[in-house]
Structures are given as structure tokens and as C-alpha cells.
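Below is one structure, written out as C-alpha cells, with a few remarks after it.
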Amino acid sequence: MLGVSALTNAALTTWLHGLPGVDQVGCEARAAALGTRSVKTTAKAWAIDTAISMIDLTTLEGADTEGKVRSLCAKAARPDPLDPSTPHVAAVCVYNDMVGVAKDALAGTDIHVAAVATAFPSGRASLPVKLLDTSDAVAAGADEIDMVIDRGAFLSGRYRDVFDEIVAVKEACGEAHLKVILETGELVTYDNVRRASWLAMLAGADFIKTSTGKVQPAATLPVTLIMLEAVRDWRELTGEMVGVKPAGGIRTTKDAVKYLVMVSEVAGDDWLDPDWFRFGASSLLGDLQLQRQKLATGAYSGPDYVTID
Amino acid sequence: MTPKKFDYAPAPESRSVVSLQPSYGLFVNGEFVDGHGASFKSINPATEEPLAEVAAADASDVDAAVRAARTAYTRVWSRMPGSERAKYVYRIARIMQERARELAVLETLDNGKPIKESRDVDVPTAAAHFFYHAGWADKLEHAGLGPDPRSLGVAGQVIPWNFPLLMLAWKIAPALATGNTVVLKPAETTPLTALLFAEICQQADLPPGVVNIVTGAGDTGRALVEHDGVDKVAFTGSTEVGKAIARAVAGTRKRVTLELGGKAANIVFDDAPIDQAVEGVVNGIFFNQGHVCCAGSRLLVQESVADEVVRRLQRRMSTLRLGDPLDKNTDIGAINSAEQLDRIVELTAAGEADGGTRWSPPCELPDRGFWFAPTVFTDVSQTDRIATEEIFGPVLSVLTFRTPQEAVAKANNTPYGLSAGVWTEKGSRSLWMADQLRAGVVWANTFNRFDPTSPFGGYKESGYGREGGVHGLAAYLADGEGDL
Numbered sequence: 001m002l003g004v005s006a007l008t009n010a011a012l013t014t015w016l017h018g019l020p021g022v023d024q025v026g027c028e029a030r031a032a033a034l035g036t037r038s039v040k041t042t043a044k045a046w047a048i049d050t051a052i053s054m055i056d057l058t059t060l061e062g063a064d065t066e067g068k069v070r071s072l073c074a075k076a077a078r079p080d081p082l083d084p085s086t087p088h089v090a091a092v093c094v095y096n097d098m099v100g101v102a103k104d105a106l107a108g109t110d111i112h113v114a115a116v117a118t119a120f121p122s123g124r125a126s127l128p129v130k131l132l133d134t135s136d137a138v139a140a141g142a143d144e145i146d147m148v149i150d151r152g153a154f155l156s157g158r159y160r161d162v163f164d165e166i167v168a169v170k171e172a173c174g175e176a177h178l179k180v181i182l183e184t185g186e187l188v189t190y191d192n193v194r195r196a197s198w199l200a201m202l203a204g205a206d207f208i209k210t211s212t213g214k215v216q217p218a219a220t221l222p223v224t225l226i227m228l229e230a231v232r233d234w235r236e237l238t239g240e241m242v243g244v245k246p247a248g249g250i251r252t253t254k255d256a257v258k259y260l261v262m263v264s265e266v267a268g269d270d271w272l273d274p275d276w277f278r279f280g281a282s283s284l285l286g287d288l289q290l291q292r293q294k295l296a297t298g299a300y301s302g303p304d305y306v307t308i309d
Numbered sequence: 310m311t312p313k314k315f316d317y318a319p320a321p322e323s324r325s326v327v328s329l330q331p332s333y334g335l336f337v338n339g340e341f342v343d344g345h346g347a348s349f350k351s352i353n354p355a356t357e358e359p360l361a362e363v364a365a366a367d368a369s370d371v372d373a374a375v376r377a378a379r380t381a382y383t384r385v386w387s388r389m390p391g392s393e394r395a396k397y398v399y400r401i402a403r404i405m406q407e408r409a410r411e412l413a414v415l416e417t418l419d420n421g422k423p424i425k426e427s428r429d430v431d432v433p434t435a436a437a438h439f440f441y442h443a444g445w446a447d448k449l450e451h452a453g454l455g456p457d458p459r460s461l462g463v464a465g466q467v468i469p470w471n472f473p474l475l476m477l478a479w480k481i482a483p484a485l486a487t488g489n490t491v492v493l494k495p496a497e498t499t500p501l502t503a504l505l506f507a508e509i510c511q512q513a514d515l516p517p518g519v520v521n522i523v524t525g526a527g528d529t530g531r532a533l534v535e536h537d538g539v540d541k542v543a544f545t546g547s548t549e550v551g552k553a554i555a556r557a558v559a560g561t562r563k564r565v566t567l568e569l570g571g572k573a574a575n576i577v578f579d580d581a582p583i584d585q586a587v588e589g590v591v592n593g594i595f596f597n598q599g600h601v602c603c604a605g606s607r608l609l610v611q612e613s614v615a616d617e618v619v620r621r622l623q624r625r626m627s628t629l630r631l632g633d634p635l636d637k638n639t640d641i642g643a644i645n646s647a648e649q650l651d652r653i654v655e656l657t658a659a660g661e662a663d664g665g666t667r668w669s670p671p672c673e674l675p676d677r678g679f680w681f682a683p684t685v686f687t688d689v690s691q692t693d694r695i696a697t698e699e700i701f702g703p704v705l706s707v708l709t710f711r712t713p714q715e716a717v718a719k720a721n722n723t724p725y726g727l728s729a730g731v732w733t734e735k736g737s738r739s740l741w742m743a744d745q746l747r748a749g750v751v752w753a754n755t756f757n758r759f760d761p762t763s764p765f766g767g768y769k770e771s772g773y774g775r776e777g778g779v780h781g782l783a784a785y786l787a788d789g790e791g792d793l
């Protein structure tokens, strides 16, 4: 479609700016309407378990320690020790230097280890540093790399630079899956979100992800709606599926269910799978567990009946 | 885990908030009284279950109601300061909000529309009309309609079955705020929320006779419209009945506003925000099962994007959920009556016979009740019946155009002129189109938005007069331009 050999910044700009616009009012109204679906009983139980299985359980603190990461991994593998029917999460997401620890702690499970590489969260480093960051994580055993795009380059219209960087990081990933973080809170407009989504997919992203979690606003329903439309349209155009990962600020079961409704009704049920949809979250799992216990027993327990990490 | 599919479990709204009485009388002079006509049943169109027995008003009942309204007008309501009237209208609005859930459930039972629409659109917008007009009651001399605008007297109002409570609000709120008293006839298939509204009037201590509700079919409506004691007739409904009313009042001193049929064009240009445009097309025609006089029943799409728009539209239609109107996840409810269903079936058959290509998403229709799957027709010509006649159902006709001039010409090429929609990212084009389109409302990058502050009404066979906003007040005031 876009021969890489002929790819200039001008060509890329023309193409991205030729995407249909997004009407802000209509987009937000649609997201709000999808958020009013009433998901009860068996549907709720299914949604809770599906959401748990899609979580990238995340700790991205300057204060992270081996102990903290091991503890998180234990929770990832067995969220509810009292109820072994609780599914495990999809992946644990950590900083680069913790990949080895996480890999070790998760040995024998099929839970993936995701690393945030490429000078996360700002992305302000030179390309060689970003590539080294990436290959370092892959060498330590990371199955998935969450990279950040250069928002400065994007906002100044240097789409080709963003594209090239994603291509280079993708190559450095080898077998590992590449999730491209758009940091939609810094892109601000929905038109930008749509263009950045297409740019990332053109460059070979396996997943497009909303946010680092370090910038507000992080994941929102309208932004995720735009991204789900983008992967849906991408599949229609190319036949390829790309995953979507909203990250940051999704804390409650109610919120997670709204996202699943959106996945189902916008992209389609094919995306209702941890291979194609993830939640980047650190505290969502606890609320999902509480709601799960409530459905099983008919009564709310309390925050002390789920582990904090 | 179960297979990958998000099946929403049933999420029905409870019926227990509504206490249906086995039978209802007329509401005349502040009290429920028996009617002298043959009573009739109101049924739930989703199940065909009878909901209640409703009294029918004959000419003598209508006469009693008009006389009650006249007495209330001369002795109480027209003498009351606007600031006092405002309190009553405001109180009605507050009670409607307090009883919103009850009104929404009853509306859905009686009409067949999805609870999410009665809950999120009908009832809140109806209450908003009372709030808005309460604010005008003591400020009429500032409305730009003359220094001392006067009320007209007794308003005879006849409303349709598609938005029973909302149309009641559109009629009663401005009439009361401007100092008129009313006799209102709801449609015979959907009288129940009007009768609940009568209870609300009692609860608000509205003086007896200010609001009267007479139930019944066409004969009752005719008796009301033709009654000598009526000063103003307001009608929303079919063009055919509207014409009969216009004939009946011609040569009398009665003021008339008519809000009639439509065959609105929803125009999508190739630079439109396409996902939102598709959403607007869906909202334009499938909202309220297409039982909307301003529904965007003709999709005019620029040829260069026609295939893509239709493809996206069909995919979106596949996610519409049809079924139990009381389920909070239902998008498409029941057709209001067997007669209406027959009409939709007849017109869609004509659409196929005229060479249109018919498409509906896979859709299981319930065994009982009146149902029609959301339907889109492509390969439609401007001359086909489905492109010219109002269907009043969930049926969309797709036509194409090549230039803005052609879009305008096709959009205006209809006996109606109630509404239109324009979808484009180019602001200058939206404004140019709005200027060219012969329609009472032109929506830009949206559709089916209603607000009490905005006048609503049509051109040509879509009627005359405006409802809502300052223009709507004029229709109930002697010194105003009542007949726009």
C-alpha cells in the first residue's frame, strides 16, 4: 500500500491527513452511549473473568524492588488464593531492570513478561539508546515490549521519524511483541489519535496502547473507541489484526466492563481475547476480585479480602 | 471460559414502579370521570397484552371538557399573574422528574419504545419543556412579541402515538405558560402516560379545568377540533389528518398550528467524519423505531463514498439489539400497532417491487407483538415510493448524489420539509447547505437533537407554526405571529 522505498514524510503526511476526521461531539456521545449498556448476572461474571485474563498487571515505580515485583508476579499467577477458579492475568509489566526477576518469578506459567523500553515514559533519548534499551529487555527474557512514540516528532509533523523509530524498535524486538504507546493525553485531539494509530500500524505495531499511565488524561473511552475503529478498519484493509491496550486510570469493574462492551460492539468479538485486548492496570484486579466474590457469594466482602499486590 | 462472545444477559427494568389501574376515565375539571363513548383497550405492542381499559369521550364529553377549560380560563388561569402560573408549571416539571422512572416504564409499556429512550430522552426532555416554559410565564412582554401579549383562550390539542409524553409536554407547557387552558386528546393507542400526567396535575394542585384530557380515537379528536369553544388548535400527526383539520377550521377564528409528516434527507459528503456520520444515520432513522416525523429516512450519500458508507452502516446495524423494550440494552423496540406494522410491510414490499435492494441484519423477531427488523434499501430511485412516502418505521432508503447542488435539489424534492441533516467537515458547506435546504430544522454533524429553546416545525406538507423557543410562544399569544 505504502511502499517503504517511496516513503517520504510528505507522502506519509498526505496519507495520514487524508484519513476521515473525527467529530469530537459525536465520538464522545457514542462512547458515552456504549457506556450505558447494562451488564448483569451471567454476562457480568463472564466479563469479569475475561477482564482479569486481559490484565497487564503493572508496577512502574521508581521505588520498585525485587520483592515488590516477585509479590506482583505471585498475584498475577494466582489472583485469589481462596478461589482457584479465578483466571490468571495476561502479563506482568515492569521496567527493564526487573524483567529478569519477573521472568524468574513467573517460570512455569504462561504469563508473559512485558517491559517498558525506549526511555519510558518520556521517550526522550537517542535512537541507539532506545534500541539498546529494547534489546536489553528482550535479552533478559521480555515477551512483550511496550515502547513510547516520540510525541515531539509527531506533533511537529515529523511522521517519518516516528515511523522509522517504530520500525527500528520492532526489528530490535525480534520475537517479542511490540506494543506502541501513543500517549494520547499528549496528542490531545482525536484526529491525532487516529493518525497516530494508523502510523503505528503502518510501521508494524502488534498492539497500540493509549498511555504510559504517567500523563493525564490517560486511557479514556472515546480515545479507545478511536483506536478500536482504527484496528477494525486496518483489518478490513489488510486482513491483519492489531491489538489494543488502554492503560492508566482504569480501576473499577464497571469501567472495565464498559471497555469490553466497546470492544465487542466497535471492533467485534474477535478482539475479546488477551491476544488482542489488554488492560494496563495496577489496581483494577482488586476490584474485579471483589465483584467476583460478590457474584459468587451474594455479599460484598471488603478490601481486606483481596491482596494488595 | 465460555466461547468468545459478549452476550448481554437480560437486564429488564422493573414494572413494579407502575401501578396500572384496570380502567381509566377522562380527566375533566380536575377529576377522573366516565366517558360516554365505547371504551377501548390500550395494549402493550411488544406483547399484545391488554394494559388497561380506557374511556372514550363522545361529543358531550368533549363539550364538558371544553366548558371546564373555558371556566378555568376566564375565572382563574387568565387572571393569574404570570409569576403564579410559573410556579404551577415549574411544580409539574419537578414532579415529572420525581416520577421519571414511573413515567418511563409506563411509556415503554404503552408505546413499545425501548426503556433507554423513554428514560434518557422522552421523560427528561418532556420535563425540560415544562422547566423552560415556566421561565417564560412571567416574562412574556419581553419575548419580542409585543408589549402586552395576550393568551388565546382554550387550546384543543391532539397528539400522536410516537412520543406520547413528549408531545404532550410540547403542547401543554407553552399553552399553560402563556395563560391558555387546554383540552388534550392523546392517541388512542398510547393514552396512559397522559392519564398519569393528569394525576401529576392533581398532585401539583393545578386549578381544576386548566388541563383536561379526553381519550378516544379520531371521532373524539374531530369533536375537539370542531368545537366552537376552542380558540386554538394544535395538532401533531399525519399530513392526511392535518389537511382535514386545516379544512375544518378554515374560515373560523381559530388559530392553528400543524406539525405533520416528513421525509427528511440525511446528507453525507465524502469529507464527513465517517464513523460519526454512520452513527448519526443510525440515530436518524432507527431511533424510536423510525416513528419520528423528522426521521432521516432518506440517506443522500456522495457517490464517491457510497459503498463504504453503506458497508459501515450495515456493520453498525448488525450490532443493534431488537427485543423486549423494557430491557435496558434494547436498541429497537416494538412497532406501535398492527396497523402501523401493516403499513411498513406494505411500503417495504413496494420498495422491492420498485427494484430496491433490501437488507436487514440477521435478527430474531419475538413471536408475539408487532416487530419489524431494521432495514436499509439501496438502489433506490428518487421516484420510488419508499423514497417519497413517509414510512414511519425503521426503514432507510439510500440515494446518491455527485455535487452539493444535486444534494440540495434531491433533498428539497419532496412535498415535505421538516428536517435535514448535513455531514461534512467543511463548516462553510454546512452553512451553505443550511441556507439552501427547505426544512424547518437542519442539523450539522448530528441528528434528532431536541431542545425546548429551539423552534421546531416544517415547510410545505410538514405543516405550519413552530413549537419551542420564542417562536413557539407566539403560537399561543394573540399579539404574536401565531400563524407563521
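Going down the list, the sequences are from chains R and A. So the first sequence is numbered by our numbering: it starts at 1 and just counts up by one. So the second sequence is numbered by our numbering: it starts at 310 and just counts up by one. Glycine included, each C-beta is placed from N, C-alpha and C at the ideal position.
Assuming residue i is part of the beta strand (DSSP E), what are its boundary residues?
i, result
"residue 351 (chain A)", "349–353"
"residue 705 (chain A)", "704–710"
"residue 309 (chain R)", "Careful: residue 309 (chain R) lies outside any beta strand (DSSP E) and carries neither H nor E."
"residue 149 (chain R)", "No beta strand (DSSP E) holds residue 149 (chain R); DSSP gives it neither H nor E."
"residue 603 (chain A)", "No beta strand (DSSP E) holds residue 603 (chain A); DSSP gives it neither H nor E."
"residue 95 (chain R)", "91–95"
"residue 358 (chain A)", "358–363"
"residue 178 (chain R)", "177–181"
Run through chain A and tell me which residues come within less than 7 Å of residue i, C-beta to C-beta.
i, result
"residue 60 (chain R)", "Within chain A, no residue comes near residue 60 (chain R); the closest Cβ sits about 28 Å away, beyond 7 Å."
"residue 38 (chain R)", "320, 637 and 638"
"residue 23 (chain R)", "582, 585 and 754"
Determine the direct distance from the alpha carbon of residue j to that of residue i, and round the result to whole angstroms.
i, j, result
"residue 690 (chain A)", "residue 430 (chain A)", "34 Å"
"residue 1 (chain R)", "residue 196 (chain R)", "The predicted model places residue 1 (chain R) with a pLDDT of 49, which falls under 50 and marks its position as unreliable; any figure quoted below should be read in that light. Each residue's Cα considered, the two are about 17 Å apart."
"residue 13 (chain R)", "residue 114 (chain R)", "31 Å"
"residue 54 (chain R)", "residue 158 (chain R)", "33 Å"
"residue 154 (chain R)", "residue 206 (chain R)", "19 Å"
"residue 668 (chain A)", "residue 367 (chain A)", "45 Å"
"residue 790 (chain A)", "residue 270 (chain R)", "Legend: pLDDT at residue 790 (chain A) = 49, less than 50; position of this residue unreliable, value from coordinates given subsequently. Using only the alpha carbons, I get a separation of about 59 Å."
"residue 726 (chain A)", "residue 350 (chain A)", "35 Å"
"residue 509 (chain A)", "residue 624 (chain A)", "43 Å"
"residue 398 (chain A)", "residue 451 (chain A)", "19 Å"
"residue 453 (chain A)", "residue 485 (chain A)", "19 Å"
"residue 596 (chain A)", "residue 649 (chain A)", "16 Å"
"residue 182 (chain R)", "residue 262 (chain R)", "19 Å"
"residue 383 (chain A)", "residue 779 (chain A)", "25 Å"
"residue 217 (chain R)", "residue 184 (chain R)", "8 Å"
"residue 545 (chain A)", "residue 711 (chain A)", "35 Å"
Which residues of chain A have a Cβ atom closer than 9 Å to the Cβ of residue i, listed in chain order?
i, result
"residue 285 (chain R)", "Simply none; closest approach about 17 Å."
"residue 41 (chain R)", "318, 319 and 320"
"residue 310 (chain R)", "What is shown of chain R runs 1 to 309, which leaves residue 310 (chain R) out entirely."
Which residues in chain R have a C-beta closer than 7 Å to the C-beta of residue i? List them in chain order.
i, result
"residue 566 (chain A)", "Within chain R, no residue comes near residue 566 (chain A); the closest Cβ sits about 31 Å away, beyond 7 Å."
"residue 628 (chain A)", "265"
"residue 589 (chain A)", "26"
By the criterion of Cβ-Cβ separation under 8 Å, what are the contact partners of residue i in chain R?
i, result
"residue 605 (chain A)", "The contacting residues do not exist; residue 605 (chain A) stays about 14 Å from chain R at best."
"residue 425 (chain A)", "36"
"residue 642 (chain A)", "Those within 8 Å of residue 642 (chain A) in chain R number zero; the least Cβ separation is about 15 Å."
State the start and end residues of the unbroken alpha helix (DSSP H) segment that holds residue i.
i, result
"residue 442 (chain A)", "432–445"
"residue 338 (chain A)", "Where residue 338 (chain A) is concerned, there is no enclosing alpha helix (DSSP H), given that its DSSP letter is neither H nor E."
Using the beta-carbon of each residue, which ones in chain R are nearer than 9 Å to residue i?
i, result
"residue 734 (chain A)", "20, 21 and 23"
Open item on the list: Can you confirm whether the stretch 501–520 of chain A touches the stretch 540–560 of chain A when touching is taken to mean that 3 or more C-beta pairs between the two stretches lie within less than 8 Å?
Closed with: no
Task: the stretch 432–441 of chain A / the stretch 562–569 of chain A touching (three or more Cβ pairs under 8 Å) - done: no
- [ ] Can you check the stretch 48–118 of chain R for any beta strand (DSSP E) of at least 3 residues that lies completely inside it and give the ranges in chain order?
- [x] List check, beta strand (DSSP E) in window: 55–58, 91–95 and 112–116.
Open item on the list: What ranges does the alpha helix (DSSP H) occupy inside the stretch 645–680 of chain A, keeping only unbroken runs of at least 4 residues that lie completely in it?
Closed with: 647–662
Task: Any alpha helix (DSSP H) of 4 or more consecutive residues that is wholly inside the stretch 724–777 of chain A - done: 736–745
Task: Contact between the stretch 219–235 of chain R and the stretch 178–191 of chain R (3+ Cβ pairs under 8 Å) - done: yes
Open item on the list: Give the list of continuous alpha helix (DSSP H) stretches no shorter than 4 residues that lie fully inside the stretch 439–515 of chain A.
Closed with: 473–486 and 501–512
Task: Every unbroken alpha helix (DSSP H) within the stretch 189–247 of chain R, with a cutoff of 4 residues, ordered by chain - done: 190–202 and 221–238
Open item on the list: Any contact between the stretch 486–500 of chain A and the stretch 466–477 of chain A? By contact I mean 3 or more CB pairs, one from each, below 8 Å.
Closed with: Short answer: they touch.
Open item on the list: Using 8 Å as the cut-off, can you tell me whether the stretch 41–54 of chain R makes contact with the stretch 277–295 of chain R, which would need three or more C-beta pairs spanning the two stretches below that distance?
Closed with: yes
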